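Taking it in order: structure first as structure tokens, then the write-up.
2 protein chains.
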Amino acid sequence: MSKEGTVKKTGKTVTFLLYLCSLVSSSLTPFLHVQTCLGAKKPFTEVIKANIGDAHAMGQKPITFFRQVLALCSYPALLEDSKFPEDAKQRARRILEACGGHSIGAYSASQGIECIRQDVARYIEKRDGGIPSNPDNIYLSTGASDAIVTILKLLVCGEGRDRTGVMISIPQYPLYSAALADLGAVQINYYLDEDNCWSLNITELRRALSAAREHCNPRVLCIINPGNPTGQVQSRQCIEDVIRFAKEEHLFLMADEVYQDNVYAEGCQFHSFKKVLFEMGPEYSNTVEMASFHSTSKCYMGECGFRGGYMEVINLDPEVKAQLIKLVSVRLCPPVPGQALLDLVVNPPQPDEPSYATFMKERTAVLSALAEKARLTEQIFNTVPGITCNPVQGAMYTFPRITLPQKAIDKAKELGLVPDMFYCMRLLDEEGICLVPGSGFGQREGTYHFRMTILPPTEKLKVVLQKIREFQLHFTQEFS
Amino acid sequence: MSKEGTVKKTGKTVTFLLYLCSLVSSSLTPFLHVQTCLGAKKPFTEVIKANIGDAHAMGQKPITFFRQVLALCSYPALLEDSKFPEDAKQRARRILEACGGHSIGAYSASQGIECIRQDVARYIEKRDGGIPSNPDNIYLSTGASDAIVTILKLLVCGEGRDRTGVMISIPQYPLYSAALADLGAVQINYYLDEDNCWSLNITELRRALSAAREHCNPRVLCIINPGNPTGQVQSRQCIEDVIRFAKEEHLFLMADEVYQDNVYAEGCQFHSFKKVLFEMGPEYSNTVEMASFHSTSKCYMGECGFRGGYMEVINLDPEVKAQLIKLVSVRLCPPVPGQALLDLVVNPPQPDEPSYATFMKERTAVLSALAEKARLTEQIFNTVPGITCNPVQGAMYTFPRITLPQKAIDKAKELGLVPDMFYCMRLLDEEGICLVPGSGFGQREGTYHFRMTILPPTEKLKVVLQKIREFQLHFTQEFS
Numbered sequence: 018m019s020k021e022g023t024v025k026k027t028g029k030t031v032t033f034l035l036y037l038c039s040l041v042s043s044s045l046t047p048f049l050h051v052q053t054c055l056g057a058k059k060p061f062t063e064v065i066k067a068n069i070g071d072a073h074a075m076g077q078k079p080i081t082f083f084r085q086v087l088a089l090c091s092y093p094a095l096l097e098d099s100k101f102p103e104d105a106k107q108r109a110r111r112i113l114e115a116c117g118g119h120s121i122g123a124y125s126a127s128q129g130i131e132c133i134r135q136d137v138a139r140y141i142e143k144r145d146g147g148i149p150s151n152p153d154n155i156y157l158s159t160g161a162s163d164a165i166v167t168i169l170k171l172l173v174c175g176e177g178r179d180r181t182g183v184m185i186s187i188p189q190y191p192l193y194s195a196a197l198a199d200l201g202a203v204q205i206n207y208y209l210d211e212d213n214c215w216s217l218n219i220t221e222l223r224r225a226l227s228a229a230r231e232h233c234n235p236r237v238l239c240i241i242n243p244g245n246p247t248g249q250v251q252s253r254q255c256i257e258d259v260i261r262f263a264k265e266e267h268l269f270l271m272a273d274e275v276y277q278d279n280v281y282a283e284g285c286q287f288h289s290f291k292k293v294l295f296e297m298g299p300e301y302s303n304t305v306e307m308a309s310f311h312s313t314s315k316c317y318m319g320e321c322g323f324r325g326g327y328m329e330v331i332n333l334d335p336e337v338k339a340q341l342i343k344l345v346s347v348r349l350c351p352p353v354p355g356q357a358l359l360d361l362v363v364n365p366p367q368p369d370e371p372s373y374a375t376f377m378k379e380r381t382a383v384l385s386a387l388a389e390k391a392r393l394t395e396q397i398f399n400t401v402p403g404i405t406c407n408p409v410q411g412a413m414y415t416f417p418r419i420t421l422p423q424k425a426i427d428k429a430k431e432l433g434l435v436p437d438m439f440y441c442m443r444l445l446d447e448e449g450i451c452l453v454p455g456s457g458f459g460q461r462e463g464t465y466h467f468r469m470t471i472l473p474p475t476e477k478l479k480v481v482l483q484k485i486r487e488f489q490l491h492f493t494q495e496f497s
Numbered sequence: 018m019s020k021e022g023t024v025k026k027t028g029k030t031v032t033f034l035l036y037l038c039s040l041v042s043s044s045l046t047p048f049l050h051v052q053t054c055l056g057a058k059k060p061f062t063e064v065i066k067a068n069i070g071d072a073h074a075m076g077q078k079p080i081t082f083f084r085q086v087l088a089l090c091s092y093p094a095l096l097e098d099s100k101f102p103e104d105a106k107q108r109a110r111r112i113l114e115a116c117g118g119h120s121i122g123a124y125s126a127s128q129g130i131e132c133i134r135q136d137v138a139r140y141i142e143k144r145d146g147g148i149p150s151n152p153d154n155i156y157l158s159t160g161a162s163d164a165i166v167t168i169l170k171l172l173v174c175g176e177g178r179d180r181t182g183v184m185i186s187i188p189q190y191p192l193y194s195a196a197l198a199d200l201g202a203v204q205i206n207y208y209l210d211e212d213n214c215w216s217l218n219i220t221e222l223r224r225a226l227s228a229a230r231e232h233c234n235p236r237v238l239c240i241i242n243p244g245n246p247t248g249q250v251q252s253r254q255c256i257e258d259v260i261r262f263a264k265e266e267h268l269f270l271m272a273d274e275v276y277q278d279n280v281y282a283e284g285c286q287f288h289s290f291k292k293v294l295f296e297m298g299p300e301y302s303n304t305v306e307m308a309s310f311h312s313t314s315k316c317y318m319g320e321c322g323f324r325g326g327y328m329e330v331i332n333l334d335p336e337v338k339a340q341l342i343k344l345v346s347v348r349l350c351p352p353v354p355g356q357a358l359l360d361l362v363v364n365p366p367q368p369d370e371p372s373y374a375t376f377m378k379e380r381t382a383v384l385s386a387l388a389e390k391a392r393l394t395e396q397i398f399n400t401v402p403g404i405t406c407n408p409v410q411g412a413m414y415t416f417p418r419i420t421l422p423q424k425a426i427d428k429a430k431e432l433g434l435v436p437d438m439f440y441c442m443r444l445l446d447e448e449g450i451c452l453v454p455g456s457g458f459g460q461r462e463g464t465y466h467f468r469m470t471i472l473p474p475t476e477k478l479k480v481v482l483q484k485i486r487e488f489q490l491h492f493t494q495e496f497s
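Put into structure tokens, the structure is as follows:
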């Protein structure tokens, strides 16, 4: 009974997009692994998962201070233990005092614990050079994806030609396409400019918007900066242009800024949309509607499992805000351990506190290693015939373009696979390296890519890059 | 721009239901509190929140063993600390070994960590007297509400007369009505029998179903056992009848069993739908489609803030299961600390382990106190003229009926309030006690109720009951 109905319902548009989404979630790997292991003996001893932005799974160690505070919050008897530094205890006491019954096992307010929202607002103010942030505009969430889906749910409506259109970059992070298909919104693709370091081009935005106006009602513009899967960091000028465009076209801006600490390239800098918006003056800062998203899963902490995150909304109409509060109330509250962790991310040890030195050492080590790996990745890939790789300016991925011989494309078609999926399956099978085919993110017709994280430890990453190099040469030869 | 669209979209059906939903979430209390505090000086010193099933917020202490393991998982350096018992360390090591990079900061598989799903299956098998449970049928979730919404999303489809109808009890837990409105499903009300201890009556199910067949396609039957907000525990006979009915009418059964340890009344016992289904023989156990839900938020642990939970699906078609996997992949994974906590709930200390005695002592203390408070609540309420209270057989709420004088009903209407909302607002204003009006859960036309948790500590609960008693007398007098 349910089978037919369900398949009928989700079968149409959602299935394919959700399939793509599953490509970037951790579910895929065991599946591929099993496929791999079912075959003959393989010429590798380990599958290296470079398919998902999961820092701890790749061996990155948690930040000591964060985990100390979380242990203290989980088991407050440890507050009497002299082994824990005073600043960790002070943070834990403050968080516990803000919890019902002083326990992280109590529900919080659906919008999140108030003092944590205050800390988030202070963090944003500091980040943005003093531009005010109101804790009432902060909504804590179950990772950034939860908040992104919630906002889309709030904004998407209409039927037929009135259906809400949402502009997303291609390549994109598949959460967006999956959520849009699920909500029945129209996905409006704008293409990033691969030849210009995956930059965003306002002419292309205009083209995409005006084409979409023929068949839907475009209302939302999504930006990922720094970019996933493309690793570009937007210039201040580009952000200004985007904001001007959003204002002119009455678009709601969704700024996915979860990689805000992940900027590596010289001359690049993270500019928050909020800051640029306010620096453009009241004509913009009082009118453009916006939501910005952040998470505990990326940056230097990589705490994906805790599902912590927040969004800040700007210029949201009070009536819409009331609907938003109701929407978030249905799920009761975001996980409180994730809220506690977020509090530490936005309020880390300060220079006069005992944990500062260790914290800074750990944070810097992670970010420097990522910068080094970003450089290495671009450098090595660009020595491989048939691979072209833009600089990894930020985030934690590279999205190189691969040239596939026509015979390989034909072979893939014969097997019923998209060509870059065929490439990635072969790579997994022959070298034990798990990447995600570019088709999972979208790419210009006739081009092929893959996404690889730069998260493996440096020595392992070098091995991965070397193996991909050899595979590419060998694959090209085989199909030439 | 977004304002109009959003309000237009959600304004129709969702708004009211979401409003009701917010009544049971913690968001409401501050709102009421503020309302209260804005007025004149109040004749009470503290607002007692008996509106939400939030055990820790009401002073219940966490289970020591659970929090020790969570602290160890959060900060594994503590595994070297001799203060922690060996069984706690062993559990923490096992959980960490199952995590990517041995960190609870890594993503898990979207369906949940495999060894935890195995532990859940073993727990179900033990609970159900050996009836097999397959870990592949277990899906870990962000609290039970997440799993409930996911399954509804999978099952609801169609337009017009083909729209999926979902049968829910009245009174109901407002998550259901909110989710149905959000998904565009038809809510089919069946009324619980207040005169018979809020029992479920098959004749009433038939009536509701056949009336609904006129205008939609009924496909799902939701049961909450033990009941929220009504506190009844279903008999084995009743469960058999429900299963027979579901089979005959080709309904998907959703069994919300989050209060499975909360059974207090003599002669009452928790029977899982799964167990009864399998005991009815293969004719039923091979055909009836079902999902059962559990959570870390209720029972003796009351760990709401961790948002842990699971569902077990039975007889789900493999194609539908594939869709389910895709659906849960979009949000990446349930919070890993909540998964770890769930593992402890389903795999608590065993008699030969060092933490067993303390664990059992703590568990028993919570459950005995709840049983005592359940008894006390019924007893005291039934001495109050104008209040009629069924036995609180299970769960953690009472849903007594209140007789309101016609003048009070008129006054409420004059103020634009439903009568039991007026009653609850006055109670809050005069006595500082926060309850939820029965209209938030649904009730038979012309009857009035409120929901109160039995969670306040016994001495405080006595005060609450005494104050409600006085208020009821005084309120009745005022409006007579």
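From first to last, the protein sequence lines stand for chains A and B.
Sequential numbering from 18 applies to the first sequence in our numbering.
Sequential numbering from 18 applies to the second sequence in our numbering.
Ideal placement from N, C-alpha and C gives every residue a C-beta, glycine not left out.
Being a predicted model, the structure only gives us computed values, none of them experimental.
- Distance check between residue 85 of chain B and each of A:83, A:82, A:89 places A:89 closest, using alpha-carbon atoms only.
- The secondary-structure analysis by DSSP pairs residue 155 of chain B across a beta bridge with B:329.
- With respect to residue 488 of chain B, residue 428 of chain B sits apart: the two C-beta atoms are not nearer than 8 Å.
- Assigned with DSSP and collapsed to three states, residue 406 of chain A falls in coil, not helix or strand.
- Look at residue 88 of chain B: its C-beta is under 8 Å from a C-beta on chain A.
- Taken through DSSP and simplified to helix, strand or coil, residue 59 of chain A comes out as coil.
- Following the DSSP letters along the chain, one finds residue 110 of chain A in no beta strand (DSSP E) but inside the alpha helix (DSSP H) bounded by residues 103-114.
- Short of 8 Å from the beta carbon of residue 201 of chain A, and not among the five residues preceding or following it, lie these beta carbons of its own chain, in chain order: 173, 180.
- Between the alpha carbons of residue 190 of chain A and residue 293 of chain A lies a distance of about 24 Å.
- Here residue 65 of chain A is near residue 451 of chain A, since their CB atoms are less than 8 Å apart.
- Cα atoms of residue 133 of chain B and residue 141 of chain B: separation of roughly 12 Å, rounded to the nearest angstrom.
- Among the residues facing chain B, residue 273 of chain A is not included, as its CB has no counterpart in that chain under 8 Å away.
- In the DSSP assignment, residue 285 of chain B falls outside any alpha helix (DSSP H) and carries neither an H nor an E.
- Looking at the DSSP output, residue 411 of chain B shares a beta bridge with B:280.
- Residue contact check for residue 320 of chain A against chain B: a CB pair falls below 8 Å.
- Listed by position along chain A, the residues whose Cβ is nearer than 7 Å to that of residue 123 of chain B are 71, 73, 74, 321, 322.
- In the three-state reduction of the DSSP assignment, residue 434 of chain A falls in the coil class.
- Each residue's CA atom was taken as its position, placing residue 92 of chain A and residue 159 of chain A some 22 Å apart.
- Rounded to whole angstroms, the gap between the alpha carbons of residue 334 of chain B and residue 340 of chain B is 10 Å.
- For secondary structure counted as the beta strand (DSSP E) over 3 or more consecutive residues, the stretch 150-201 of chain A holds these complete runs in sequence order: 155-159, 181-187.
- Non-local beta-carbon contacts of residue 236 of chain B in its own chain, meaning distances under 7 Å to residues more than five positions away in sequence, involve 172, 181, 182, 268, 269 in chain order.
- Assignment of beta-bridge partners to residue 216 of chain B by DSSP yields B:210.
- What residue 159 of chain A touches in chain B, judged by beta-carbon distance under 8 Å, is 159, 324, 348, 352, going in chain order.
- In the displayed model, residue 335 of chain B falls within a helix according to three-state DSSP.
- Cβ-Cβ distances below 6 Å link residue 75 of chain A to 472, 473 in the same chain, with the five nearest sequence neighbours on each side left out; the list follows chain order.
- In the displayed model, residue 126 of chain B falls within coil according to three-state DSSP, outside both helix and strand.
- Between residue 83 of chain B and residue 318 of chain B, the beta carbon gap of about 7 Å places them in contact (Cβ cut-off 8 Å).
- When DSSP reads this structure, residue 66 of chain B sits in a beta bridge with B:451.
- With the criterion set as a beta carbon lying under 8 Å from some beta carbon of chain B, the stretch 463-481 of chain A has no members that meet it.
- Proximity of chain B to residue 84 of chain A at the Cβ level (cut-off 7 Å) is accounted for by 91, 92, in chain order.
- Residue 121 of chain B: not part of any alpha helix (DSSP H); DSSP gives it neither H nor E.
- Annotated three-state conformation of residue 466 of chain B is strand, per DSSP.
- Below 8 Å, too few C-beta pairs join the stretch 378-391 of chain A and the stretch 102-115 of chain A to call them touching: fewer than three.
- Within the same chain, Cβ atoms closer than 6 Å to the Cβ of residue 196 of chain B are found at 166, 169, the five residues on either side in sequence being excluded.
- Cβ atoms of residue 115 of chain B and residue 103 of chain B stay farther apart than 8 Å, at about 19 Å.
- Within the same chain, and ignoring the five residues on either side of residue 117 of chain B in sequence, the residues whose Cβ sits closer than 7 Å to its Cβ are 123, 124.
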